[in-house]
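Below is one structure, written out as structure tokens; comments come after it.
In this note's numbering, the protein residues as written are 1419 to 1494.
Right, dumping it as structure tokens:
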């Protein structure tokens, strides 16, 4: 069994976790704790682990500029 836990200090970690929820499965999921985004993956296949982590990072990379844009345009 392979296990991976990523702990990322991100602004708006709660909001990012909500955006990533559609990717959660029984064996891979994310949540927040103390303003950190936590991603956990538990699987028997290393390829599945790498794919899951890659998928989460791609989605985080996509959501960060959107959050930055929205926060910079709050006065609009």
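Using N, Cα and C, we set each Cβ at its ideal position, and we do this for glycine too.
Note that the structure is a prediction, hence the values are computed from the model and not measured.
Checklist line | Proximal residues to residue 1455 (C-beta, below 7 Å), its chain only, five neighbours per side dropped | finding: 1426, 1428, 1431, 1434, 1435 and 1448
Next item on the list: Starting from the Cα of residue 1419, find the closest Cα among 1443, 1467 and 1440 and give me that residue.
Entry: 1467
Note to self: Judging by CA-CA distance, which residue of 1490, 1475 and 1488 is the nearest neighbour of residue 1424?
What the structure shows: 1475
Next item on the list: Less than 8 Å between the CB atoms is what I'm expecting for residue 1422 and residue 1471, so what's the real figure, rounded?
Entry: 6 Å
Check: Alpha carbon to alpha carbon, what distance is there between residue 1491 and residue 1458?
Finding: 33 Å
Note to self: Mapping the DSSP letters down to three states, classify residue 1463 as helix, strand or coil.
What the structure shows: coil
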